[in-house]
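Novice:
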Amino acid sequence: MFDWLYKTAGLAYREAWAVVEIFENIKKMWTGFSIKGFFSGIMAVIELFGMLLFGFPTTPRGQELNLNGYELVFCDEFEGDTLNTDWWNYRGNGSRRSGFNAPSQVTIKDGKMTITGEYLKDGTYGEGWYAGMVSLKEKYTRGYFEIRCICNKDKGFWSAFWIQANHPYEAEYSQGGVGGAEIDIFEAMSYDDKLFPNAVTSTVHCAGVDGVQEDFQSANLGDFKANNIYEEFNTYGLEWTEDEYIFYINGVETARTSFGNGVSQVPEEVIVSLEIPGEDGLEKFDKESYKTEFIVDYVKIYQK
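Here my numbering is used: the first residue of the sequence shown is 19, the next is one more, and so on.
#1: Where does D298 fall in DSSP's three states?
#2: Taking the continuous beta strand (DSSP E) assigned at A189, which residues delimit it?
#3: Confirm, please, whether the CB-CB distance from Y209 to K173 is below 8 Å.
#4: If you follow the beta strand (DSSP E) that T103 is part of, which residue opens it and which one closes it?
#5: Quick check on DSSP: helix, strand or coil for Q182?
#6: Out of K243, G197, D233 and Q283, which one is the CA nearest neighbour of T219?
#7: Which same chain residues, not among the five before or five after Y316, have their C-beta less than 6 Å away from its C-beta?
#8: Which residues mark the beginning and the end of the beta strand (DSSP E) in which T159 is found?
#9: Out of curiosity, what's the CA-to-CA distance linking P186 and S192?
#10: Relative to the C-alpha of Q123, which residue among G278, N84 and V152 is closest?
#11: Alpha carbon to alpha carbon, how far is E82 from F265?
#12: Report buried or exposed for D202, applying the criterion of at least 16 other Cβ atoms within 10 angstroms of its Cβ.
#13: Can you give the beta carbon distance from S177 to A206, rounded, assuming they're within the 8 Å contact cut?
#14: Taking the beta carbon of L239 as the centre, do at least 16 other beta carbons fall within 10 Å, making it buried, or is it exposed?
#15: Does the distance from the CB of N111 to the CB of A120 come in under 8 Å?
#16: Whose CA, out of V230, V270 and F204, lies closest to the CA of D241?
#17: Under three-state DSSP, which class holds V281?
#18: Can you give the Cα-Cα distance for G280 and S307, rounded to whole angstroms?
#19: Cβ of N216 within 8 Å of Cβ of I247?
#20: Could you check the C-alpha separation between M131 and N102 for me, to the nearest Å?
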């Protein structure tokens with residue numbers, strides 16, 4: 019959730035990851051040679067160089083999701099007309115960056131959860147920009163976490179699905195991620211990118227990596243392409259194992275990492291949010307007409 023870090027603390031890690039992937043794809047080109055495999059490898063290498071040199075998003079090309087051995091332990095398909103508060107909390111209510119989060123912005127209709135961003139003159143916390151955030155009451159340690167959704171199709175606000183431990187930005191607690199991290203499974207922040215609007219980003223944040231006590235550290239794994247994300251449903255997933263975090267789009271791996279001192283070993287909170295930008299991100303919008311919606315079809319969790 020800290021976009022300014024994507025080009026600083028996480029950059030070196032992203033570049034190192036891309037270099038490894040380049041060599042892996044070159045090796046695959048010559049292993050069990052085929053024309054199709056060769057050209058597929060060439061395209062992957064070109065995309066990865068584009069990520070390194072220009073920050074371009076890449077196409078998911080990893081392994082297909084395999085849920086053998088997993089069982090579905092949570093599923094909300096948002097039936098009914100209100101959020102199931104036996105399962106969910108309205109999270110972070112009140113001030114949020116340059117606006118407010120409020121339960122009024124989260125609605126359930128026709129089997130979908132919609133989180134709306136807009137300017138309200140008579141909102142719950144007064145006049146201002148509003149959005150919403152929900153989190154599961156039960157916390158989870160390891161498993162596969164998936165959302166199916168349509169991202170909000172406007173600048174400024176952005177859609178996100180993430181998990182977070184208590185105090186992931188404090189070295190004393192996070193211990194380099196072993197004691198907890200924030201894992202941004204996806205954030206859709208590229209709506210105004212003229213070349214690659216249908217891209218999402220994945221990031222890991224934690225503190226105390228290699229004993230560093232100041233601030234916190236991040237690994238941005240890059241931007242990845244999905245399918246018409248502002249008009250069509252896509253799935254975004256995280257497989258959190260004992261050894262690494264593996265990210266997926268539409269059931270295909272995008273990246274994997276064990277960034278930090280190891281993966282989280284503590285329960286984490288599962289969060290769905292429409293994020294409010296800072297003041298600079300909202301001043302250009304028409305307060306009278308602006309409205310944007312993040313539409314969620316389901317949230318599912320699998321565990322072994």
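We put the beta carbon where it would ideally sit given N, CA and C, even for glycine.
Specialist: Reading it off the structure:
#1: In the sequence shown, the residue the question calls residue 298 occupies position 280. D298 falls in the helix class under three-state DSSP.
#2: Residue numbering aside, residue 189 sits at position 171 when the sequence shown is read from its first letter. Here A189 belongs to no beta strand (DSSP E); instead the alpha helix (DSSP H) covers A189 to S192.
#3: In the sequence shown, residue 173 corresponds to position 155, counting from 1. In the sequence shown, residue 209 corresponds to position 191, counting from 1. Against a cut-off of 8 Å, the Cβ pair of Y209 and K173 comes out as a contact.
#4: Locating residue 103 in the sequence shown gives position 85, where the first residue counts as 1. Element bounds for T103: n/a, residue is neither H nor E.
#5: Walking along the sequence shown from the start, residue 182 turns up at place 164. Q182: strand per DSSP, three-state reduction.
#6: Against the sequence shown, residue 219 aligns to sequence position 201. Ranking K243, G197, D233 and Q283 by Cα distance to T219 puts K243 first.
#7: Within the sequence shown, the letter at position 298 stands for residue 316. E95 and R166, listed in sequence order.
#8: Within the sequence shown, numbered from 1, the residue matching residue 159 stands at position 141. Run containing T159: none; DSSP gives neither H nor E here.
#9: Sequence index remark: in the sequence shown, residue 186 carries index 168 (1-based). Sequence index remark: in the sequence shown, residue 192 carries index 174 (1-based). Rounded to the nearest angstrom, the two C-alpha atoms are 5 Å apart.
#10: Indexing the sequence shown from 1 puts residue 123 at position 105. Check the Cα spacing between Q123 and each of G278, N84 and V152: the tightest is with V152.
#11: Locating residue 82 in the sequence shown gives position 64, where the first residue counts as 1. Locating residue 265 in the sequence shown gives position 247, where the first residue counts as 1. C-alpha separation (whole angstroms): 11 Å.
#12: Counting from 1 along the sequence shown, the entry for residue 202 is found at position 184. The residue in question, D202, is buried, as its Cβ has 16 or more Cβ neighbours within 10 Å.
#13: Working through the sequence shown from its first residue, we reach residue 177 at position 159. Working through the sequence shown from its first residue, we reach residue 206 at position 188. Contact flag correct, Cβ pair sits at about 5 Å.
#14: Reading the sequence shown from its first residue, position 221 is the one you call residue 239. By the neighbour-count rule (16 or more Cβ atoms within 10 Å), L239 is buried.
#15: Within the sequence shown, residue 111 is the residue found at index 93, counting from 1. Within the sequence shown, residue 120 is the residue found at index 102, counting from 1. A contact, by the Cβ cut-off of 8 Å.
#16: Walking along the sequence shown from the start, residue 241 turns up at place 223. Residue F204 is the option with its Cα nearest to D241.
#17: On the sequence shown, residue 281 is found 263 positions in, with the first residue counted as 1. In this structure, V281 counts as coil in the three-state DSSP scheme.
#18: Mapped onto the sequence shown, residue 280 falls at position 262. Mapped onto the sequence shown, residue 307 falls at position 289. Going from the Cα of G280 to the Cα of S307 covers about 46 Å.
#19: Against the sequence shown, residue 216 aligns to sequence position 198. Against the sequence shown, residue 247 aligns to sequence position 229. The beta carbons of N216 and I247 sit closer together than 8 Å.
#20: Mapped onto the sequence shown, residue 131 falls at position 113. Mapped onto the sequence shown, residue 102 falls at position 84. Cα to Cα, the separation comes out at about 11 Å.
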